[in-house]
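J.: I'd like to ask some things about the structure below.
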Amino acid sequence: MVKEDLNRKVDLAFLAAFYGGMLTEKQRRILSLYCEEDLSLGEIAEEVGISRQAAHESLTRAAEKLSEMESALGVAERFRKIDSGLESALDALNCKDYPRAESLLKEMLTIETEESSDRSWR
890 MVKEDLNRKV
900 DLAFLAAFYG
910 GMLTEKQRRI
920 LSLYCEEDLS
930 LGEIAEEVGI
940 SRQAAHESLT
950 RAAEKLSEME
960 SALGVAERFR
970 KIDSGLESAL
980 DALNCKDYPR
990 AESLLKEMLT
1000 IETEESSDRS
1010 WR
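In this text, residue positions in the sequence shown follow the numbering used here: the first is 890, and each later residue adds one.
What follows is the structure in structure tokens.
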């Protein structure tokens, strides 16, 4: 349960880094208190001056909004893919495996190109 909660907080914070500007100021504050300050819903409610239920609902709406944005745009997932590929390419370069590094870098360019063309019809 603790690990799941931690993973949820990390995922929400990661999505907020990309889409936090789409949330209301109140949602951003509650999300920050939850993810970054690790406050409980009761503590958030006290800090913000709302009920625990209102804190829960605001956090739930914020999480849903972030998830909707990621489903529509996929920016965070694309970032993860490219970041992972670049790390692998760097490892290949450090091992002097230049063909593998080149292949990985081309793959990263393909991810960006394909994702950009997929979004162009929207």
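Idealized CB from N, CA, C, for every residue including glycine. The structure displayed is predicted, hence computed values, not measured ones.
Is the distance from the Cβ of Gly909 to the Cβ of Arg897 below 8 angstroms?
T.: Taking the sequence shown and counting its residues from 1, one reaches residue 909 at position 20. Taking the sequence shown and counting its residues from 1, one reaches residue 897 at position 8. Contact flag unset, no.
J.: Check for me: the alpha helix (DSSP H) holding Gly931 runs from which residue to which?
T.: Here residue 931 corresponds to residue number 42 of the sequence shown, with the count starting at 1. Per DSSP, Gly931 belongs to the alpha helix (DSSP H) from 930-937.
J.: Closest to Glu996 by CA distance: which of Ala978, Tyr987, Leu982, Lys985 is it?
T.: Locating residue 996 in the sequence shown gives position 107, counting from the first residue. Comparing Cα-Cα distances from Glu996 to each of Ala978, Tyr987, Leu982, Lys985, the minimum goes to Ala978.
J.: In this structure, does DSSP put Leu912 in helix, strand or coil?
T.: Position 23 of the sequence shown holds residue 912. Residue state, collapsed to three classes: coil.
J.: In chain order, what residues of the same chain have a beta carbon less than 8 angstroms from the beta carbon of Leu912, not counting five sequence neighbours either side?
T.: Locating residue 912 in the sequence shown gives position 23, counting from the first residue. Excluding positions up to five away in sequence, the list reads Ala905, Leu920, Ala951, Lys954, Leu955.
J.: Leaving out five residues before and five after Asp927 in sequence, what residues of the same chain have Cβ atoms less than 8 angstroms from its Cβ?
T.: Numbered from its first residue, the sequence shown carries residue 927 at position 38. Taken in chain order, the residues that qualify are Lys898.
J.: If you draw a straight line from the alpha carbon of Leu962 to that of Lys970, how long is it in whole angstroms?
T.: Locating residue 962 in the sequence shown gives position 73, counting from the first residue. Locating residue 970 in the sequence shown gives position 81, counting from the first residue. Near 14 angstroms, if we compare the C-alpha coordinates of Lys970 and Leu962.
J.: Applying the criterion that 16 or more other CB atoms from any shown protein chain within 10 Å of the CB defines a buried residue, is Leu901 buried or exposed?
T.: Looking up residue 901 in the sequence shown gives position 12. Leu901 should be labelled buried.
J.: Within the same chain, show all residues whose beta-carbon is closer than 8 angstroms to that of Lys915, passing over the 5 residues directly before and after it, in chain order.
T.: In the sequence shown, counting from the first residue as 1, residue 915 sits at position 26. Hits under 8 angstroms: Val937, Ser947.
J.: How would you label Cys984, buried or exposed, when you count the other beta carbons within 10 angstroms and need 16 or more for buried?
T.: For the purposes of this step, residue 984 is taken as residue 95 along the sequence shown, with counting starting at 1. With fewer than 16 other Cβ atoms within 10 Å, it is exposed.
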